[in-house]
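Numbering (this note's numbering), first residue to last: 1 to 122.
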């Protein structure tokens, strides 16, 4: 997913390569994006192979203003909503919700988006 996000010209213009899995590097400049798998479920086939997974993903766009955070989020939607990414596995994304946050310690605004994914591990 990281490659798909930084490969988007519109998103890259806002955040560059600032896309991190789980935790951002401490020297990262804003705005940036952090993503993580919140949970995952699988499906076992008749031959016993569990090749399909259905992870729930959370992506947070952090910025100095709520407006920039929402702009980054809109660019993420353009990359993922209803799309299938082809790579080591094929992964499809379905939007599942969005909320806003503010971190008083860092003084950053976060826009949190959730996706349900379907991926074939073959």
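Note that CB positions come from ideal geometry on N, CA and C, so glycine has one too.
By the three-class DSSP mapping on this structure, what secondary structure does residue i have?
| i | result |
| --- | --- |
| residue 117 | strand |
| residue 79 | helix |
| residue 101 | strand |
| residue 89 | coil |
Between the options, which has its C-alpha nearest residue i's C-alpha?
| i | options | result |
| --- | --- | --- |
| residue 66 | 26, 31, 9 and 20 | 31 |
| residue 1 | 89, 104 and 112 | 89 |
| residue 99 | 107, 105, 113 and 106 | 113 |
| residue 116 | 56, 5, 25 and 70 | 56 |
| residue 120 | 24, 51, 26 and 105 | 51 |
Taking just the CA atoms, how far does residue j sit from residue i?
| i | j | result |
| --- | --- | --- |
| residue 14 | residue 63 | 10 Å |
| residue 107 | residue 6 | 25 Å |
| residue 111 | residue 94 | 17 Å |
| residue 81 | residue 92 | 9 Å |
| residue 8 | residue 40 | 26 Å |
| residue 53 | residue 86 | 15 Å |
| residue 109 | residue 83 | 27 Å |
| residue 103 | residue 60 | 12 Å |
Among the residues of its own chain, which have a CB less than 7 Å from the CB of residue i, if the five just before and after it don't count?
| i | result |
| --- | --- |
| residue 21 | 2, 35 and 36 |
| residue 68 | 31 |
If I measure Cβ to Cβ from residue i and keep anything under 8 Å in the same chain, skipping five residues before and after, which residues do I get?
| i | result |
| --- | --- |
| residue 12 | 6 |
| residue 28 | 18 and 20 |
Can you give me the Cβ contacts of residue i inside the same chain, cut-off strictly under 6 Å, excluding the 5 residues immediately before and after it?
| i | result |
| --- | --- |
| residue 58 | 36, 38 and 114 |
Are any of the Cβ atoms in chain C nearer than 8 Å to that of residue i?
| i | result |
| --- | --- |
| residue 14 | Although the question refers to chain C, the structure presented lacks it and comprises just one protein chain. |
- Query: In the stretch 5 to 64, which residue ranges form an unbroken beta strand (DSSP E) of at least 3 residues, counting only runs that do not cross its ends?
  - Reply: Within the stretch 5 to 64, the runs of beta strand (DSSP E) that reach at least 3 residues and sit entirely inside it are, in chain order, 19 to 21, 32 to 39 and 56 to 63.
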